[in-house]
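Some notes on the structure that comes next.
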Amino acid sequence: MKGEINIEANYEVIRFVEHGGRCWPTMDCVKGQLLLQRLRGEPVIEKAMLFSWLKELVVQLEQYQRCRNNKGYRYLNPYSVLVTAEDKLLLLDLEAESNAFVMKNLQKRAVRSHFVKPIVRMKQNVQVSMDSYGYGKTVQFIMANTEIKPALTRKETYQIGKIIDKCIGENAQRQYDDFSQVKRDIPVIKERSRQQVRKYAVLGIITLSLIGYGTFMTIQANVFRQQRDKLILQMKEKSIKGEEKNAVLYDEPQEEGFR
């Protein structure tokens, strides 16, 4: 298996075409790696790519159901997702004979028990329930097998954990009703506008100027103190010399002057 990790191959995938509010699927043959292989070979991914992947999967699951009269994809897992050369995610066409290995892998007890939702835990909307469960488990797999650069913030970690919990949790009241809700919960990287960048740059310049001015005033104050202390010392020395001179004038005996 290790020798196959970085091997790319051609896979039959589903692409979706949107036009005039309508959506329909097209089949394509694309070269790439299965998500499972990609993460084993290159576990380090950028944060922006992670968020993009989470969104791409949700959008495609939603499009699949719209194209298939609300019929779900049903078997989303790391074996059924392709990573293209452009680092985009595509769903494999599970009806294609060349992709029969996906269903074969799902026959394995370990894979099936992890990525296929038990019937007793399904909500009334079975298709959404199955696909959201597969989505949650796939996201969980990605998070467990990758190193995100830069690291996720505490808030982003909480948001992704919340998505996973609402997808695979047993509390039916907290599960998602449709994929638009999942999409809203996916973290986004907010880019600062030029105005914000300019604002922070100006604040930075002002801060540095204030720090520089404060440093200058501190140095000036120290110089002033040194000069003051020096002057006081000189005055004390002069005072001491004056007292010594007076002592010579008034304290010496004057007998000779009265003779």
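When you read off a place in the sequence shown, starting at 1, and then add 505, the result is the number in my numbering.
All residues carry an ideal CB built from backbone N, CA and C; glycine is no exception.
What you are looking at is a predicted structure, and each value in this text was computed from that prediction instead of being measured.
Query	Result
Between Ile668 and the rest of its own chain, which residues show a CB-CB distance below 8 Å, the 5 nearest in sequence each way excluded?	Leu559, Gly641, Val644, Val687, Asp690 and Ile691
Just to confirm my understanding: we take Phe556, look at its own chain, exclude 5 residues before and 5 after, and list those with CB closer than 7 Å. What are they?	Ile691, Pro692, Val693 and Ile694
In the DSSP output, what is Met532 paired with across the bridge?	Ile519
Assign Ser637 to one of two classes, buried (16 or more other C-beta atoms within 10 Å of its C-beta) or exposed (fewer than that).	buried
Measuring only the C-alpha atoms, how far is Cys572 from Tyr516?	21 Å
Give a yes or no on whether the C-beta atoms belonging to Gly546 and Ala590 are separated by under 9 Å.	no
Counting pairs of beta carbons, one from the stretch 548-555 and one from the stretch 594-613, are three or more of them closer than 8 Å?	no
Going by beta carbon distance, what residues of the same chain come within less than 8 Å of Asp598, once the five residues before and after it are set aside?	Glu517, Val518, Ile519, Met532 and Asn604
Among Gln565, Val535, Thr720 and Ala514, which residue has its Cα nearest to the Cα of Val522?	Gln565
Would you tell me roughly how many angstroms separate the C-alpha atoms of Val588 and Leu708, rounded to the nearest one?	43 Å
If you compare alpha carbons, which of Gly577, Val563, Asn610 and Asn574 is closest to Leu595?	Val563
Where does the unbroken alpha helix (DSSP H) through Val687 begin, and where does it stop?	Phe684 to Asp690
With Gln632 and Gly577 assumed to form a contact (beta carbons below 8 Å), what rounded beta-carbon distance in angstroms separates them?	3 Å
Have a look at Lys654 and Val549 and give me their C-alpha separation to the nearest angstrom.	7 Å
Using DSSP with H/G/I as helix, E/B as strand and the rest coil, what is Gln538?	strand
So who's on the other strand from Lys654, going by DSSP bridges?	Glu551
Quick check on DSSP: helix, strand or coil for Ala514?	strand
Would you kindly work out how many angstroms separate the C-alpha atoms of Leu782 and His524, rounded to a whole number?	Since the displayed the chain opens at 506 and closes at 764, residue 782 lies outside it and no answer follows.
Take the Cβ of Phe733 as the centre, count every other Cβ of all protein chains shown within 10 Å, and call the residue buried at 16 or more, exposed below.	The question names Phe, but residue 733 in the sequence shown is Arg. Arg733 is exposed by the Cβ-count criterion.
Just the C-alpha distance for Gly717 and Ala726, rounded to the nearest angstrom, thanks.	14 Å
If you run the structure through DSSP and keep just helix, strand and coil, what is Arg614?	helix
Output yes or no for whether 9 Å exceeds the beta carbon distance between Leu544 and Tyr584.	no
From the DSSP output, in three-state form, read off Leu581 for me.	coil
Report yes if the C-beta distance between Asn561 and Ser685 is below 9 Å; otherwise report no.	In the sequence as presented, Asn is not what sits at residue 561; that position holds Glu. Not in contact: Glu561 and Ser685 (Cβ atoms no closer than 9 Å).
Is the beta carbon of Arg579 sitting closer than 9 Å to the one on Met635?	yes
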